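Take a look at the structure below.
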Amino acid sequence: MPEKGERATPSQLYLRDLPASERPRERLQFYGGAALSTIELLAVILGSGHGDESVLRLAERLLVGFGDMPGLARATMTELTAVKGIGEVKAARLKAAQELGRRFYSFTP
Numbered sequence: 641m642p643e644k645g646e647r648a649t650p651s652q653l654y655l656r657d658l659p660a661s662e663r664p665r666e667r668l669q670f671y672g673g674a675a676l677s678t679i680e681l682l683a684v685i686l687g688s689g690h691g692d693e694s695v696l697r698l699a700e701r702l703l704v705g706f707g708d709m710p711g712l713a714r715a716t717m718t719e720l721t722a723v724k725g726i727g728e729v730k731a732a733r734l735k736a737a738q739e740l741g742r743r744f745y746s747f748t749p
């Protein structure tokens, strides 16, 4: 664990090890999405890790594996499910979030 006052990196912790006030979902609820890192936002969408890998580490590995957010956005369901820890449900959540983002961005009243 990081020293007091230092921010933990995704590979250092599980959500259960964090105080509730520092967990991504709770931070999203209290401070809004702008307060979260991209990895934390992905972790909220993914919901859980895989085996002994935390959801934060899984989100980090996913983002690094596809290079960046545009790379992740271009990934197909097949490419996503080829990643260890990403099954059909998590891949569908990611693609649904992407599509919602696209619709929000393109919405005109």
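Using my numbering, read the sequence shown as starting at 641 and increasing by one per residue.
Even for Gly, the Cβ is constructed at its ideal location relative to N, Cα and C.
Every value quoted in this text rests on a predicted model; they were computed, and no experiment measured them.
| Asked | Found |
| --- | --- |
| Excluding five sequence neighbours on each side, which residues of the same chain lie with their C-beta closer than 6 Å to the C-beta of residue 726? | 720 |
| Buried or exposed: where does residue 743 fall if 16 or more other Cβ atoms within 10 Å of its Cβ makes it buried? | exposed |
| Are residue 730 and residue 686 touching if we call contact CB-CB under 8 Å? | yes |
| Between which two residues does the alpha helix (DSSP H) carrying residue 746 extend? | 728-746 |
| Suppose you measure from the CA of residue 693 to the CA of residue 657; what does that come to, to the nearest Å? | 13 Å |
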